[in-house]
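Chain order of the listed sequences is S and L. Heads up, the numbering used here is the position in the first sequence plus 2, with the first residue counted as 1. Heads up, the numbering used here is the position in the second sequence plus 180, with the first residue counted as 1. Notes follow once the structure below has been shown.
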Amino acid sequence: MRSRLLPGISLLVAAAALIWGAGMRAARDRYQASLEAVYQRSFYDLIDQVEQLQVVTGKALTAASTEQQIAHLSEIWFRAGAAQDALSRLPLEGINTSASRKFLAQMGDYANTLLRDRARGGELGAQERRQLARFEAETARLSRQLHGLESRLAGRGFRWASVVGTRGARGTGIAQPRPVRGAASDLNAFSTMEERLQKLPALIYDGPFSDHREKERPRGLTGGLVTREQAVDIARRFVDLPAGAVYQPAGRPRDTSGRIPAFSVVLQQRNASGQIYADVSKKGGHVVWYLNSRPVTAERLGGDEALERARRFLADRGFPSMEPLQSAREDHSLVFAFAPLQDGVVLYPDMVRVKVALDDGQIVGFDARPYLMAHHDRRLPAPRLSAAEARERANHDMEVQGTRLAVIPTPGGGEVLAYEVRARRGADTYLIFVNALTGREEDILKVVAAGGGRLVM
Amino acid sequence: MGRRRIALTAAALAAATALAVLSAAPASGQERRSLWWGRTGPDVVLVQDTLRAWGYYDGPIDGYYGWRTVQAVIRFQSANGLTPDGVVGPATWAALGFPSAPPPARYWSGPVVSYGDDVNLLARVVTGEASGEPYVGQVAVAAVILNRVRHPSFPKSIAGVIYEPYAFESVTNGLIWARPPLESAFRAAADALNGWDPTYGAIYFWNPSKPVSPWVWTRQIITYIGNHVFAR
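Right, here's the structure in full:
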């Protein structure tokens, strides 16, 4: 009886397993096909965009009129962004493509800088033409390599989705350059492109991705070097603590070697969980930033009261006459951004942030990184325009609410003196910056109300 | 002085704007916006009030979608067979007794700012990558993601950076979906979005006790925080 039942059950189990397995396989095939479609699209998008980039760059160099040059430069900007986007979607595990992506991002950014300059009457000089020609030659080379890769991959029926998972995912936040084996070895073509693009000379121009911006040095550090022990003392005196609270340093401060070399101090209260993290610059002993990690759970202060606390904190810490620029809500805290005034001119680059807990008004965060990077003695030029003339330059459909002078940063890291015209269009408020020397409209920011704060974008 | 007052009457103005936006919507069968961490407004009051009446919420009815509201929504969602993501979307609105009609044309032009969704996404990755790290280490991981968005070698959006293939282990192995974000991760993400960056512009981080490619050690190391190395 038992011996006859057993084979029957085994057969049934085996059949069930087979059906289940077939179902799983079908499901996996469907997932793989949909993934493959996404990757194939990205790959062919990349090829098309790079090919078009080469063509459009040639057209931009050929064009003689402002309209045609601007039209083609803006197409370079758009297509370079699309190519970079497509490249970053490909599953190229173990292949470093950061120089290739930087090349594409810089090419677009460079074209954008040129077209802005062209739109305001600048000329396409010999140096700019040489750089564009270099971009044309590099994209031609890239295009050839990508086409070669495509024909090899298509020839052997390569599937991107089949590469996924075969080499495992290790490491955190890092694409690991490791040798690629088997069917995927063709992908080494991406490494070949990378090697060449890594060797391109640095590109310096007036845009956010220019290579000189990587090497910016802090201008606001004054004074001599401080010791590790002094750094701890400075941090303890600087942070805002409730009366009677005693915080001790938790261990020796670490060294942090970013753009502002600093000692990283951790302060701790005995028998309490929250910690205060503070960086003190090695040169001059300035507190670069600090954060109090305690959660804020209640809310008793209003916005005006919190602003007053932030102001008082800054005045006590050697930042008198700071002008509030914006605020952002963060759970039960408010983060205010301030900038100093010099002869009534708002210095936007020298920003300082202060975070106020709304339960008891304690300052639970401070950030002077922008201030220490940018602050220096400025000889401000006398404006050539009057405030009324600046308002005249702004859009006439706007309802102007106020005008003041400000120093604002340019995309390439420079500074200009501008009139900040605050104006409303419908329900929205904008800040329009008009160059106080040339009358050029430099930038436009929109004021938005976000989660209980006022942000500027 | 007068201008300063205009510039920063933070809470009052925002609350007034939220009211204005909502009253512009049709009154019955109205479209309800999705709510998540950081949102404010009378619709948040509605959620808090309902959850309190049903025993899921014991915090203040302050119209602010804070951490306790997120927790209460997650409890409510778990108890009612909804995806416990802490976000009040159409399904959760319906379960709360406020079904929404199909949205009419968005004809109001109030300030539309999504800031909460960035916090959500960042907090998930911070939880996946740095849940055992000190608070400042969590801020640092969020800051690295934001530094990448501004760097020429990386995609130009937060989602682009996070979902880039193989960029983050917790995205590759699905860990970011396995558990709800930590409370500290939300705060860390918000601090990073508001400008704090303990790494001074780092674009890489890794755990040296795990196998990593020797290549990463050629990068310029900025600092060590908890179990992570930060470099650019």
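From the three backbone atoms N, C-alpha and C, an ideal C-beta is built for every residue, glycine too.
Taking the DSSP output, what are the residues bridged to residue i?
i         : result
L:Phe-385 : L:Phe-410
L:Thr-220 : L:Tyr-244
S:Lys-540 : There is no way to answer for residue 540 of chain S, as the model of chain S reaches only from 3 to 459.
S:Ser-283 : S:Ala-264
S:Tyr-249 : S:Gln-271
S:Ile-278 : S:Leu-269 and S:Asn-294
L:Pro-267 : First, the residue type needs correcting, since residue 267 of chain L is Val and not Pro in the sequence shown. The partner list for L:Val-267 (beta bridge, DSSP) is empty, contrary to what the question assumes.
S:Leu-227 : S:Lys-285
Can you check whether the C-beta of residue i is within less than 8 Å of a C-beta belonging to chain S?
i         : result
L:Ala-370 : yes
L:Phe-223 : Inspection of the sequence shows that residue 223 of chain L is occupied by Asp rather than by Phe. Judged by the 8 Å Cβ criterion, L:Asp-223 is not in contact with chain S.
L:Trp-376 : yes
L:Ile-402 : yes
L:Thr-379 : yes
L:Arg-367 : yes
L:Asp-297 : no
L:Ser-333 : yes
L:Glu-313 : no
Are any of the Cβ atoms in chain L nearer than 8 Å to that of residue i?
i         : result
S:Arg-355 : yes
S:Thr-479 : In this structure chain S extends from 3 to 459, so residue 479 of chain S is not present and cannot be described.
S:Tyr-279 : yes
S:Ile-365 : no
S:Gly-83  : yes
S:Phe-45  : no
S:Ile-262 : yes
S:Pro-413 : no
S:Gln-108 : yes
S:Lys-104 : yes
S:Glu-332 : yes
S:Leu-447 : no
S:Arg-371 : yes
S:Pro-251 : no
For the beta strand (DSSP E) that contains residue i, what are its first and last residues?
i         : result
S:Phe-338 : 335 to 344
S:Met-375 : Segment 371 to 376 is the alpha helix (DSSP H) holding S:Met-375; no beta strand (DSSP E) there.
L:Thr-403 : 401 to 405
S:Met-324 : 324 to 332
S:Thr-440 : Counting along the chain, S:Thr-440 falls outside any beta strand (DSSP E), and DSSP gives it neither H nor E.
S:Ala-359 : 354 to 359
L:Trp-397 : No beta strand (DSSP E) contains L:Trp-397, which DSSP labels as neither H nor E.
S:Asn-294 : 289 to 294
S:Thr-258 : 256 to 258
S:Val-347 : 347 to 349
I believe residue i touches residue j by the beta-carbon criterion, under 8 Å. Please report the beta-carbon distance rounded to the nearest angstrom.
i         : j         : result
S:Leu-117 : S:Ala-82  : That pair is no contact at about 12 Å.
S:Arg-395 : S:Val-402 : S:Arg-395 to S:Val-402, Cβ: 11 Å. No contact.
S:Ser-36  : S:Ala-88  : About 18 Å; that fails the 8 Å criterion.
S:Gly-367 : S:Val-354 : The Cβ separation is near 11 Å, so there is no contact.
S:Ile-78  : S:Val-58  : 5 Å
S:Gly-222 : S:His-378 : 7 Å
S:Trp-268 : S:Pro-251 : It should be pointed out that residue 268 of chain S corresponds to Val in this sequence rather than to Trp. Confirmed, Cβ separation roughly 7 Å.
L:Arg-219 : L:Tyr-245 : 4 Å
S:Pro-326 : S:Phe-340 : 6 Å
Tell me where the alpha helix (DSSP H) around residue i begins and ends.
i         : result
S:Gln-364 : From DSSP, S:Gln-364 is part of no alpha helix (DSSP H); its letter is neither H nor E.
S:Trp-79  : 68 to 91
L:Pro-270 : 270 to 275
L:Gly-317 : 315 to 329
S:Leu-303 : Where S:Leu-303 is concerned, there is no enclosing alpha helix (DSSP H), given that its DSSP letter is neither H nor E.
S:Asp-235 : 230 to 240
S:Lys-104 : 100 to 121
S:Gly-404 : It is not in any alpha helix (DSSP H) - S:Gly-404 instead sits in the beta strand (DSSP E) that spans 401 to 411.
S:Val-165 : 162 to 165
L:Ser-350 : 349 to 352
S:Glu-417 : Looking at the DSSP string, S:Glu-417 is not in any alpha helix (DSSP H); the run it does join, the beta strand (DSSP E), is 417 to 427.
L:Phe-366 : 363 to 373
S:Asn-190 : 190 to 200
S:Glu-216 : It is not in any alpha helix (DSSP H) - S:Glu-216 carries neither H nor E in the DSSP assignment.
S:Arg-386 : Counting along the chain, S:Arg-386 falls outside any alpha helix (DSSP H), and DSSP gives it neither H nor E.
Counting Cβ pairs closer than 8 Å, one from the region 213 to 228 of chain S and one from the region 278 to 291 of chain S, do we hit at least three?
yes
Check whether the region 385 to 403 of chain L and the region 326 to 337 of chain L are in contact - that is, three or more C-beta pairs closer than 8 Å.
Here the region 385 to 403 of chain L does not lie against the region 326 to 337 of chain L, with fewer than 3 beta-carbon pairs under 8 Å apart.
So, does the region 153 to 162 of chain S touch the region 26 to 33 of chain S, judging by three or more C-beta pairs under 8 Å?
no
Counting Cβ pairs, one atom from each stretch, are 3 or more of them under 8 Å apart for the region 202 to 210 of chain S and the region 230 to 244 of chain S?
no
Indicate whether the contact test is met: 3 or more Cβ pairs, each with one atom in the region 192 to 203 of chain S and one in the region 64 to 79 of chain S, closer than 8 Å.
no
So does the region 352 to 372 of chain L actually touch the region 312 to 324 of chain L, counting three or more Cβ pairs closer than 8 Å?
yes
Check whether the region 379 to 386 of chain L touches the region 330 to 344 of chain S, counting contact only when three or more Cβ pairs, one atom from each stretch, lie closer than 8 Å.
no
Would you call the region 258 to 274 of chain S and the region 341 to 352 of chain L in contact, with 3 or more CB pairs under 8 Å?
no
Determine, using beta-carbon pairs with one atom in the region 385 to 395 of chain L and one in the region 311 to 321 of chain S, whether at least three such pairs fall under 8 Å.
Result no; under three Cβ-Cβ pairs closer than 8 Å.
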